[in-house]
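Enquirer: Residue numbers for the sequence shown follow the working numbering, beginning at 1382 and rising by one. For every residue, glycine included, the Cβ atom is placed at its ideal position computed from N, Cα and C. Please read these numbers as outputs of a predicted model, since none were measured by experiment.
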Amino acid sequence: MTRAAGGIALGDVSRWAEPVRALYATHTHAESTTADGAIWSRSGALTASGRALLEQIRLADQFGLHSTDYPANAIIYRAFAITGTAAEPADWLALDVALSFTAARFVTHLHSGRIDPRTVGHDLDVLHAALDLTTVLAALANTTDVPAVLSDYEPAFRHYELLRRALFQYRQLAQQPELTALPPLPARSVRGGERYDGMTPLRRLLVALGDLPGTPPDSSDDTLDQATFAALQRFQERHGLEPDGTLGRGTYTELTTPFSRRVQQIELAIERSRWLPAKLDSPPIVVNIPQFKLFAFRTVEDRESDMLHMNVVVGKVFPQNKTPVFAADLRYIVIRPYWDAPRSIIVNELLPSIRANPAWLARNHFEIVQGDSDTSPVLAPSPESIAAVARGAARLRQKPGPDNSLGNFKFLFPNRYNVYLHDTPARGLFARAQRAASHGCVRIEDPRALANQLLANETGWTDAEERSAKINSALAKTTPTRVTLKRPVRVFLMYATAIAVEDGRVLFFDDIYGHDAKLVQALGSARN
């Protein structure tokens, strides 16, 4: 439903029609409502709460939103035009309704984002409690402190506030686009002690970003000195690059990325933060896919000191291998797990080797199993059993052990993607800066530490020494040990290419799956 009120274009406001109707129905006889039914105006002028609300909406950019999405200025101009005139009550009521619809849109966007994450393929449809807009609008109409009421409906996370500060910082930097205009690199990378014609503007940029302390040196020295080398390392760490201090193509690309793109990344991260629950009921696990990091909270506060964090390996960039964005409850830990090879891996990777040499199965500790449970019968390798695997009537299972693809730990949060967290024998991958290398599941760097933290609150596992002994005992077995958590832990597989951290740094990461581009397109469509 596209609507205009009092000559003010509101766009499609159909999703807010019912709460706005209920607002006026509820307040028909309220003390704050005038005889003509207006809520935001009285005696031919906007109320103090109406003016304060419009001012907050005009500042939408400070919240990571776009002020142009809301006709606050048009409402203010219209109110100014009819104030002190012989305006009809219907004129004020039309303006009143326009403000109610505008406020409903703004509060919704502030609280839960501008779009439904499902429209960009993210399985996050159950994260937000319903927002009682009628109650919120009534509270705004009757308060003397509009910012305080609005703050109750913003994300309650420390990192949301840090992102807002980062947004201000990078919008200021965006006023100086010349900072990222560096001269071209020479044919090869610039290493420590080597010359680069753009060393002076490079240092100026690194100072502006906070990676090079102090003020830009007034020097004609065009060599990559020790201070600039260290500053480049800090910059590289913040941008998910190998921190080698070398000015190569990848680093140059990040250095010359326009600040407008950085602003956009922060705005998208703020939008995604609104897809999380309004508050956490228990400490969660969060994986930020493009950061290649896992954060296991020890409390419901998102303080870095209260988190266990580690590197992870996520799905490759191919469509069938991307790690999905979703949330689920971690319910089981398996120590010394079997690995059931997925159908796609069996068909595309394993069967050719098995058909060429059936002895490959024993050499790689695989067995053919008929049935879905750990106790299902194991079939001897034969043309018939291999054919059963090929047609999906039997499965391939790798035994627990040092070569098992899941390592020694598997963390299960049942979901339709068959994605889970797990250990891996391929430890070298964690040393890489870019870690999109799995078939979709998330490999974690320190699975024992995660298991230890998750089990610490479980009955029979609370004593640290006893817990360590029980884990060691399970690791010594040749069969899996499955532990069911009495307190399931929420796992969020999220996607943010910008993160603001407590020491003041802002971290940026590659849009490895193209989700940023898709979200930008969706936001543009929603705006239109």
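Starting from Ala1547, trace the alpha helix (DSSP H) in both directions and tell me its first and last residue.
Expert: 1539-1554
Enquirer: Within its chain, find whatever has a CB closer than 8 Å to the CB of Gln1902; leave out the 5 residues flanking it on each side and keep chain order.
Expert: Result list for Gln1902: empty, nothing under 8 Å.
Enquirer: Buried or exposed: Val1706, going by 16 or more other Cβ atoms within 10 Å of its Cβ?
Expert: The residue is buried, with at least 16 neighbouring Cβ atoms inside 10 Å.
Enquirer: Taking the alpha carbon of Thr1515 as the point to measure from, which residue in Asp1533, Val1488, Ser1532 has its own alpha carbon closest?
Expert: Val1488
Enquirer: Scan the segment 1660-1718 and note each continuous beta strand (DSSP E) run of 3 residues or more that stays entirely inside, going in chain order.
Expert: 1666-1669, 1674-1678, 1688-1696, 1707-1716
Enquirer: Assuming Pro1597 contacts Val1588 under a Cβ cut-off of 8 Å, what Cβ separation, rounded to an integer in Å, is found between them?
Expert: 5 Å
Enquirer: Assuming Ala1832 and Ile1714 form a contact by the criterion Cβ under 8 Å, report the distance between their Cβ atoms to the nearest whole angstrom.
Expert: 6 Å
Enquirer: Locate the beta strand (DSSP E) running through Thr1581, then write down its first and last residues.
Expert: Taken as a continuous stretch (DSSP letters only), Thr1581 belongs to no beta strand (DSSP E), being part of the alpha helix (DSSP H) at 1580-1590.
Enquirer: Our contact map puts Thr1818 next to Val1694 with C-beta atoms below 8 Å; I'd like the distance itself, whole angstroms only.
Expert: The sequence given here has Ala at residue 1818, not Thr. Confirmed, Cβ separation roughly 5 Å.
Enquirer: If you count every other CB in all the chains shown that lies within 10 Å of the CB of Phe1790, and 16 or more means buried, which is it?
Expert: buried
Enquirer: Exposed or buried, Phe1549, counting other C-beta atoms within 10 Å across all chains shown (16 or more means buried)?
Expert: exposed
Enquirer: Fully enclosed by the segment 1822-1904, which beta strand (DSSP E) runs are 3 residues long or longer?
Expert: 1823-1825, 1862-1875, 1879-1881, 1887-1889
Enquirer: Name the DSSP beta bridge partners of Asp1504, please?
Expert: Phe1707
Enquirer: Given Phe1616, which residues of its chain have a CB within under 6 Å of its CB, disregarding the five upstream and five downstream residues?
Expert: Asp1592
Enquirer: In chain order, what residues of the same chain have a beta carbon less than 8 Å from the beta carbon of Ala1898, not counting five sequence neighbours either side?
Expert: Asp1892
Enquirer: Which first and last residues belong to the beta strand (DSSP E) in which Tyr1793 is found?
Expert: Looking at the sequence provided, one finds Leu at residue 1793 rather than Tyr. Segment 1790-1793, the beta strand (DSSP E) holding Leu1793.
Enquirer: Flag this pair as yes or no: are the beta carbons of Pro1379 and Pro1806 separated by less than 9 Å?
Expert: Residue 1379 lies beyond the stretch modelled for the chain, which goes from 1382 to 1909, so this question has no answer here.
Enquirer: Can you tell me which residues form a DSSP beta bridge with Gln1779?
Expert: Trp1720, Phe1747
Enquirer: How big is the Cα-Cα spacing for Gln1553 and Thr1878?
Expert: 20 Å
Enquirer: Short of 7 Å in beta carbon distance, which residues of its chain neighbour Ala1426, apart from the five on each side in sequence? Order them along the chain.
Expert: Thr1464
Enquirer: For Pro1665, count the other beta carbons within 10 Å of its own beta carbon; 16 or more makes it buried, fewer makes it exposed. Which is it?
Expert: buried
Enquirer: Taking buried to mean at least 16 other C-beta atoms within 10 Å of its own C-beta, is Glu1412 buried or exposed?
Expert: Residue confidence is low: Glu1412 scores 48 on pLDDT, short of 50, so the model does not pin down where it sits. Its coordinate-derived value is still stated next. It counts as exposed.
Enquirer: Which word fits Leu1798, buried or exposed, when buried means at least 16 other C-beta atoms lie within 10 angstroms of its C-beta?
Expert: Residue identity differs from the one stated: residue 1798 is Tyr in this sequence, not Leu. Per the 10 Å Cβ criterion, exposed.
Enquirer: Just confirm the distance between the C-beta atoms of Ile1420 and Leu1435, as a whole number of angstroms; I'd bet it's less than 8 Å.
Expert: Wrong, their Cβ atoms sit about 13 Å apart, outside the cutoff.
Enquirer: DSSP three-state call for Ser1424: helix, strand or coil?
Expert: It is coil, neither helix nor strand.
Enquirer: Use the C-beta contact count for Lys1858: other C-beta atoms within 10 angstroms, 16 or more gives buried, fewer gives exposed.
Expert: So Lys1858 counts as exposed.
Enquirer: Got a sec, what are the start and stop residues for the beta strand (DSSP E) Ala1818 sits in?
Expert: Here the beta strand (DSSP E) through Ala1818 covers 1817-1819.
Enquirer: Does the beta-carbon of Asp1526 have 16 or more other beta-carbons within 10 angstroms, so that it is buried, or is it exposed?
Expert: Residue environment: Asp1526 is assigned as exposed (fewer than 16 neighbouring CB atoms within 10 Å of its CB, all protein chains considered).
Enquirer: If I follow the unbroken alpha helix (DSSP H) through Glu1618, where does it start and stop?
Expert: 1607-1619
Enquirer: Tell me the DSSP secondary structure of Arg1576 in three-state form.
Expert: strand
Enquirer: Could you check the C-alpha separation between Arg1619 and Ala1547 for me, to the nearest Å?
Expert: 13 Å
Enquirer: With C-beta atoms as the reference, is Leu1900 less than 9 Å away from Ile1496?
Expert: yes
Enquirer: To the nearest angstrom, report how far apart Gly1752 and Ala1769 are at their CA atoms.
Expert: If I take the Cα positions, the gap works out to 12 Å.
Enquirer: Do the segment 1631-1648 and the segment 1562-1580 meet, that is, are 3 or more Cβ pairs less than 8 Å apart?
Expert: yes
Enquirer: Per the contact definition of three or more C-beta pairs closer than 8 Å, is the segment 1864-1872 in contact with the segment 1832-1851?
Expert: yes
Enquirer: Pick helix, strand or coil for His1410, following the three-state DSSP scheme.
Expert: A caution first: His1410 carries a pLDDT of 44, below 50, which makes its placement in the model unreliable, though a value can still be read off. His1410 falls in the coil class under three-state DSSP.
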